[in-house]
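Worksheet: the structure to be examined is printed underneath.
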Amino acid sequence: VAMTQFSRTCQTVDNIESLVKKVLESDGGADAQELGKLVGETRPVVEKLRKKATETDLFGANMKEKVMALVSRWSSIDALASDVLHQRGVAIPDAEAVLAPPPPAPAAPAPTLH
Numbered sequence: 001v002a003m004t005q006f007s008r009t010c011q012t013v014d015n016i017e018s019l020v021k022k023v024l025e026s027d028g029g030a031d032a033q034e035l036g037k038l039v040g041e042t043r044p045v046v047e048k049l050r051k052k053a054t055e056t057d058l059f060g061a062n063m064k065e066k067v068m069a070l071v072s073r074w075s076s077i078d079a080l081a082s083d084v085l086h087q088r089g090v091a092i093p094d095a096e097a098v099l100a101p102p103p104p105a106p107a108a109p110a111p112t113l114h
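The working numbering puts the sequence shown at residues 1 to 114.
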C-alpha cells in the first residue's frame, strides 16, 4: 500500500510541476484552480509519507531514502506552486476541504399540523 501511495504521489508531484509551468505561461484560469486543488491534496500525503519514513520502521533504508528525496523535491515545488498561485490570486484549499464529503442536505421542515 505504501509503495502504491508513494508511486501515486511521485506522479502527482510530476503533474504539479508541469501545471506550475503551464500556469506560469498562461493567465491561470482552470489550470491554476487544478494546481491549487492538487497542491492542497498532496501536502498531507507527502507529510504522511515523511512521517512513516522517519517515525516508523515500515520502510527499509532504500525506500526511506526515496521518500526523503520526494519530500525534498516536494518542498521546492510546493513553495514555487504556492508563490505562483498567490500571484494569480488562487487560494490553496485545505486537504480537509478538498477531500471532505459534501455537507448533508438541510432537513426538510417538519409539516405543521393546524
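Even for Gly, the Cβ is constructed at its ideal location relative to N, Cα and C.
Just so it is clear, the structure is predicted and the values come from calculations on it, not from any experiment.
Item                                                                                                   : Value
Nearest residue (CA-CA) to E17, options V39, K48 and E47                                               : V39
P44 in three-state terms, based on DSSP                                                                : helix
Extent of the continuous alpha helix (DSSP H) to which K80 belongs                                     : It should be pointed out that residue 80 corresponds to Leu in this sequence rather than to Lys. Looking at the DSSP string, the run of the alpha helix (DSSP H) that includes L80 is A61 to R88.
Through-space distance from I77 to Q33, alpha-carbon basis                                             : 16 angstroms
Buried versus exposed call for D31 [16 or more other C-beta atoms within 10 Å across all chains shown] : buried
S26 (DSSP reduced to helix, strand or coil)                                                            : coil
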